[in-house]
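Asker: First, the structure itself, so that you have it in front of you.
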Amino acid sequence: EVQIVESGGGWVPPGKSLRLSCATSGFNFEDYAMHWVRQRPGKGLEWVSGIDWSNGGVGYADSVKGRFAVSRDNPKKSVHLQMNDLRDEDTALYYCGRDVGRTLGYVDSWGQGILVSVSS
Amino acid sequence: DIQMTQSPSSLSASVGDRVAITCQASHDIKYFLSWYQQKPGQAPKLLIHDASILEPGVTPRFSGSGSGTEFTLTISSLEPEDTATYFCHQYDDLPFTFGPGTKVDVK
Chain S
4 EVQIVESGGG WVPPGKSLRL SCATSGFNFE DYAMHWVRQR PGKGLEWVSG
54 IDWSNGGVGY ADSVKGRFAV SRDNPKKSVH LQMNDLRDED TALYYCGRDV
104 GRTLGYVDSW GQGILVSVSS
Chain Z
6 DIQMTQSPSS LSASVGDRVA ITCQASHDIK YFLSWYQQKP GQAPKLLIHD
56 ASILEPGVTP RFSGSGSGTE FTLTISSLEP EDTATYFCHQ YDDLPFTFGP
106 GTKVDVK
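Okay, here's the thing in structure tokens:
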């Protein structure tokens, strides 16, 4: 069974940093690209970032480019999102998701999400 | 960036009704479009990928069509459990983007 569990969320003041982690099990992690998708309170889904199977291909939403960095650790079957210079508008539920393949495409399995709250 | 729009933003229909949700892309995305269903307090659920391919285990009451810039999600006969918000998502070009969502209420 595919399991995806996010961690590392919480409250931070604006301008600070936070690192989200996503632990996975139940599938061969290195065969899949991974994504981060967020949902602001009461709003829709926003694709944030994705990373292919080899760390060679990454992508970011314009709203986070230059502030967020995605990485993965294949031996540890985990993916991370380093979030710097956080803003109020980064407050959201952050989902980690598994792609259907090695290169960036669409998510077929999701974690339950982790809340990030940015406020003073 | 590719912008995605959806219409309607919300709809209310009765059990057994047939409904259609449209999704429009600002640029040609070929068939690189998926549809997700999200119920309150839950993670999204993948319904359709590549515009028209139904995910295993998803009821065939859901169907997808379209290519290029115009896409449609159709629910052939609404059931109470279809109450949810539906999002389209393009994965043709980075950055990937979602539509704003369509809230479906089944009376």
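Residue numbers (this note's numbering), protein chains in the order written: chain S, 4 to 123; chain Z, 6 to 112. In this text, a Cβ means the ideal position worked out from N, Cα and C, and glycines have one as well.
(1) Counting only the same chain and skipping the five closest in sequence on each side, list residues whose C-beta sits under 7 angstroms from that of Z:Gln-2.
(2) Please state whether DSSP places S:Asp-93 in a helix, a strand or coil.
(3) Please report the straight-line C-alpha distance between Z:Ala-48 and S:Leu-48, rounded to a whole angstrom.
(4) What would DSSP say about S:Phe-32, mapped onto helix, strand or coil?
(5) Nearest-angstrom Cα distance between S:Asp-102 and S:Asp-55?
(6) Classify Z:Ile-80 as buried or exposed, calling it buried when 16 or more other Cβ atoms lie within 10 Å of its own Cβ.
(7) I'd like the list of long-range same chain contacts for S:Asn-87, defined as Cβ closer than 6 angstroms, with 5 residues on each side in sequence excluded.
(8) To the nearest angstrom, report how far apart S:Pro-17 and S:Asp-76 are at their CA atoms.
(9) Looking at the structure shown, is Z:Asp-97 part of a helix, part of a strand, or coil, going by DSSP?
(10) Using a Cβ-Cβ cut-off of 8 angstroms, state whether Z:His-94 counts as contacting chain S.
(11) Specify, as a first and last residue, the run of the beta strand (DSSP E) that Z:Ser-12 falls within.
(12) Determine whether the beta carbon atoms of Z:Thr-27 and Z:Ser-12 lie at a separation below 8 angstroms.
(13) Measure the C-alpha to C-alpha separation of Z:Ala-56 and S:Ser-123 and round it to an integer number of angstroms.
(14) Interface residues of chain S around Z:Ser-39 at Cβ under 7 angstroms?
(15) Between S:Ser-81 and S:Thr-27, is the Cβ-Cβ spacing less than 8 angstroms?
Answerer: Checking against the coordinates, here is how it stands:
(1) Residue 2 of chain Z cannot be examined here, being either before or after the span of chain Z that is shown, 6 to 112.
(2) helix
(3) 10 angstroms
(4) helix
(5) 9 angstroms
(6) buried
(7) Ser-20 and Arg-70
(8) 28 angstroms
(9) Looking at Z:Asp-97 - three-state DSSP - the assignment turns out to be coil, as it is neither helix nor strand.
(10) True, the Cβ-Cβ gap to chain S drops below 8 angstroms.
(11) Residues 9-12.
(12) yes
(13) 43 angstroms
(14) Tyr-109
(15) Yes, these two residues count as a Cβ contact at 8 angstroms.
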